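Engineer:
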Amino acid sequence: MFKDRFLNRLGLAFIALFAAFYFWQNPGLFTGKLTQAEIDTAIAKAGQQVPFPPGRKEPILKAVRAWAEADDGKPFYMLNLMRFYKEVKKIPGAPNFEGSPAQANALYEAKATMMLVPAAGSAPIMANVQGKNVINSDSDAPTLDDWSRVLVVRYPNRRAFLQLISDPSYAPIEPYKAMALEFLLVPIEGNPVIPDPHVIVGALLLVIFLGVGWKRAARADR
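Counting the sequence shown from 1 gives a position; the working numbering is that position plus 3.
1) Would the C-beta of GLU90 count as close to the ligand MG, meaning under 7 Å from any of its heavy atoms?
2) Taking the alpha-carbon positions, what's the GLY219 to THR116 distance?
3) What's the gap between the Cα of PRO175 and the Cα of VAL53?
4) From the DSSP secondary-structure annotation, give me the bridge partner or partners of GLU185.
5) Who are the near neighbours of PRO57 in its chain, counting only those whose CB is closer than 6 Å to its CB and skipping five residues on each side?
6) Given a threshold of 16 other Cβ atoms within 10 Å of its Cβ, counted over all protein chains shown, does GLN28 qualify as buried or as exposed?
7) Cutting at 7 Å between CB atoms, please list the residues of its own chain near LEU213, excluding the five before and the five after it.
8) Have a look at VAL215, PHE24, SER151, ALA23 and flag the residue whose alpha-carbon is nearest the alpha-carbon of LYS89.
9) Output needed for MET4: all residues of its chain with C-beta closer than 6 Å, excluding positions within five of it in sequence on either side, in chain order.
10) What number of angstroms, rounded off, separates the C-alpha of PHE100 from the C-alpha of PHE9?
11) Rounded to whole angstroms, how far is the Cβ of PHE79 from the Cβ of PRO104, which I believe are closer than 8 Å?
12) Taking VAL155 as the reference, give the member of PHE186, TYR179, ALA181, ALA144 with the closest Cα.
13) Quick one, which of ASP148, PHE55, TYR173 has its alpha-carbon nearest TYR111's?
14) Tell me the start and end of each unbroken beta strand (DSSP E) in the segment 40–89 that is at least 3 residues and wholly inside, in chain order.
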């Protein structure tokens with residue numbers, strides 16, 4: 004057993020910090036799967052608050068509902084494939100915007116990221132596309148090419164996504180994305196190449212703990 008009380012306390016503090024961060028990143032361990040009442044409430048709020056492109060409200064909400072009802076309570080990544088419109092698209096109920104599609108989307112991403120960090124526990128990973136597809140396996144259809152931007156967001160569970168889109172603070176922001184670009188949202192499960200945030204935090208805390216322990220041991224030997 005360690006005789007260094009400081010290291011004992013530091014180790015316990017780091018364990019508590021890691022546990023708190025882990026459960027923040029994986030709340031489904033406690034909250035479980037979405038209930039039907041939660042889904043109904045979130046879909047209703049999103050439908051009332053968010054302006055949708057003409058003819059797209061019902062299909063979008065139906066798809067979100069089906070995905071939410073298949074909830075497994077686990078974290079996932081949302082892949083965003085985006086293609087800028089040539090000019091800002093007019094959407095009924097959306098605010099007027101005189102800038103370019105790129106400017107509208109930049110405004111959306113800046114404000115949405117401020118909501119995503121506390122809600123999703125991570126910041127989006129974003130990148131601009133270099134050019135046309137290198138390989139199209141089955142088709143050269145224009146709808147499969149000329150993407151403008153790719154974005155990946157980690158969510159701790161599907162509940163966090165529904166909470167975001169039904170948040171009254173999100174409703175005024177979302178139209179800036181919808182008016183700027185065509186986009187696909189693809190939920191991804193599985194093991195990412197980039198470690199989950201709790202793994203990175205755990206490794207960092209371990210390195211700090213070992214470093215402090217080594218330094219204190221070196222001083223004690225003098």
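Idealized CB from N, CA, C, for every residue including glycine. As the structure is a computational prediction, the values presented were derived from the model and not from experiment.
Structural biologist: Taking the structure as given:
1) Summarising the ligand content, the structure contains no ligands, and the ligand MG is consequently not present.
2) Here residue 219 turns out to be Arg, not Gly, going by the sequence shown. Approximately 40 Å, taken between the alpha carbons.
3) 7 Å
4) ARG86
5) none
6) buried
7) none
8) SER151
9) Unreliable placement is indicated for MET4, whose pLDDT of 45 sits below 50; the coordinate value is still reported in the next sentence. Same-chain partners within the cutoff: there are none.
10) 57 Å
11) With 8 Å as the limit, PHE79 and PRO104 do not qualify as a contact, their Cβ atoms being about 28 Å apart.
12) PHE186
13) TYR173
14) 79–87
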